[in-house]
Structures are given as C-alpha cells and as structure tokens.
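Working notes, beginning with the structure itself.
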Amino acid sequence: MFRHKLYKALGTIPVFFTLGLLIWSLCGYFKFAAPYIFERGTVLGTFWTIMVVGSFTMLLWSYAVCVARNPGNPSLRRNTVFSHGGSTPFIRVASNNPESTIRQRSNSDADSNSDDADDSDSDNETTLTEEQLRQTQLIHTVTVKENGEPRFCLKCNVPKPDRTHHCSACGICVLKMDHHCPWLNNCVGFNTQKAFLLFLAYAVLYTLCIAITILVYYAIHLMYLDITIPLYIEPLFIMMLAGSFSVCLIGFGGFHVYLLLNNITTIESYESNKFRYAQGSSANLFDLGCKRNFQQVFGNSWPHWFVPTRTSLGDGVKYPINFEAYNLTVH
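Position 198 (the sequence shown) corresponds to 198 in full-length UniProt numbering; numbering is contiguous.
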C-alpha cells in the first residue's frame, strides 16, 4: 500500500512537468508570434489565436480528465457468478444437502501476463447461502484461466471480467486496461480511453499550431529583414519542441487509432493468443467492425465525440462479441 502511495506521489512530477511545458508554449505564442501575426492582418491573427487557444483548452480539459478520473475498476464480489460461452454458470450453494451444487465446466485459454498487468487468479469455486445466491451477479465472460476457471485477482480480491488487468503501479484492477501512462500518473482504461484519444488528437493540433505560428514569426523576420523585430532564441526552442512532439504524437496517436478501430488494447496487442482457433483461422472476438468499434468508445451522439465526457457504451464489465470469430474458437 505504501509503495503505491509513494509511486502516485512521485508520479505527480511528470504531470506538473507536462503542465509547465504547455503553459510555457502558450506564453511563447502570445509573447513572440501573436503580435507580429496580428500586424500582418487581424483576420489571420484572430484565426491562429482561436486555433491555439481552442486546442489548448480542449487539450487541457482532456488531460485533466485523464489524470483525475478513475479509469474503472471492478466492484464485483466473490459471489459473482461467471458464465463462459454457452455453458451453464456454476456456483456452490450452501444448504442442508452437501451434494447440492450447480457447476460449469469450461476449457478456453486464458490471457497471459504482461509488463503492465499482473493477472493473479485463484480458484473460483465458493460457498454461498441461499440469500447470497439471490443477490449474486451473473457475468458472462469469454476469457478464462488455462484450466478453464474464471479469472480472479488475489491482490484486489475481486473476480476479473473480460479485458480487466491488475496494474502494479496503481495497485488496482482496471477495466479494459490499455496501459499505465506515467505522464498521466494514471491508467488508460474503460473510463479514460476516450479522453486519452482526445488528448492525443488535441495535442497534435496544438503542437502543430504552435510550431507553425512561431515559424511564421521567424519567416516574417527573414522575409522583411525587419531589424525592428527582435530575433529571440527562446521561441526557436519552443518551435523545435512543438515540432518534435507533433511528429511523435502523430505516430503514437495513429497507433491508438488503429487499436480503436480494431477494438483491441495495447496490452492485448502484444499478448500471446488468448484463444485457440481452428487450424488456419485467426480473429478478434471483440472486433465488431470499425464503425461499431468507434461507437463503443465514443458513443452514438456525434456532438459528444469532441469533448471528454462519458459517452462510452456499456459498463466495462460485459462486452459484445463477434460471434463469427467466436465460432472459430476451439471450445
């Protein structure tokens, strides 16, 4: 527990560093670029100022959501019943008859461990009273352990639904965990994936705007050879940083757009196969097609696609699956 608190405390350093860079770059725009752009035309100056301030505002909003929002963690109890595939769920019921049981058997493969996730599991069989049975929550899963039993996290003491992993940095299980980001001091998961993608998009837009406008500042100086325009070194560093970040973010963001449209997470993209398929077959059980994959994260209302509000479909525990892909698996 102390280790996680210490990690979280130290994790605020990259967050404040990121905020410092953003504020410094914005100040650089207004100090160096904006005055000379406005001198060349009010319309041009207004356009670039709206672009810079607008992208900065949305970037800061998305970043704040990524840092502050809980990425989503399962609040399931041990008396959660898991069903797998088309089988009947199983659970041991405490009664006067010791032989009274309902059982499920399953033999699908489990997900493997990753650098960002600790998939500690335990035996799923438990004993419940009749009252507890009535309050039991039924969760349908397609991923199980290698022995066919439901996945369970010993560290959090909760069952793990599909696509859930334990984050060793945060010390919690995260629904649809993508990765732990040190620049956010938080995990990218079910509740923060949309905000993270918007953060990347607005970061690309903002850094490009900063790089272009400061480049214009230098271009004006060189084109007009105006000695009244002081040529500072500081905006040169800002322009180089903004340009470098924009190139890196375009590549990184493009990778995450690919993951989004294929409905897979970063962890799932480098894990070994979770499912056994018929010979010569390969598929993604959660791939519903590009349009539906996008809607799973951003929702159905297009005006809300551009703001980091909660519009993702589902609850992060149960996911629709591609039944054509499911039929290719070896049960």
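Think of the CB as a built atom: it goes at the ideal place given N, C-alpha and C, for glycine as much as any other residue. All of these numbers come straight from a predicted model, not from anything done at the bench.
Where Cys-173 is concerned, the enclosing beta strand (DSSP E) starts and stops at 172-174. DSSP, read as helix, strand or coil, puts Asn-262 in helix. In the DSSP assignment, His-179 falls within the unbroken beta strand (DSSP E) covering 179-181. By the Cβ test, the region 282-290 is not in contact with the region 300-312, since fewer than three Cβ pairs between them sit closer than 8 Å.
Under DSSP, the beta-bridge partners assigned to His-166 are Cys-173.
Between the beta-carbon of Ile-267 and that of His-179 there is about 7 Å, and that keeps the pair under the 8 Å contact cut.
In the three-state DSSP reduction, Phe-38 falls in the helix class (H, G or I). In summary, Leu-200 is buried, with 16 or more beta-carbon neighbours lying within 10 Å of its beta-carbon over all protein chains present. Taking 8 Å as the cut-off, the beta carbon of Arg-163 is found no closer than this to the beta carbon of Lys-145. In the displayed model, Thr-309 falls within coil according to three-state DSSP, outside both helix and strand. In the three-state DSSP reduction, Cys-156 falls in the coil class, being neither helix nor strand. Here Phe-286 is buried, its C-beta having at least 16 other C-beta atoms within 10 Å.
For Val-317, there is no enclosing beta strand (DSSP E), as DSSP marks it with neither H nor E. Linking Gln-193 to Leu-222 through their CA atoms gives a straight-line distance of about 44 Å. Spanning the alpha carbons of Thr-18 and Ser-244 requires a straight line of approximately 15 Å. Sorting His-165, Ala-169, Ile-212, Cys-248 by C-alpha distance to the C-alpha of Phe-190 places His-165 at the top.
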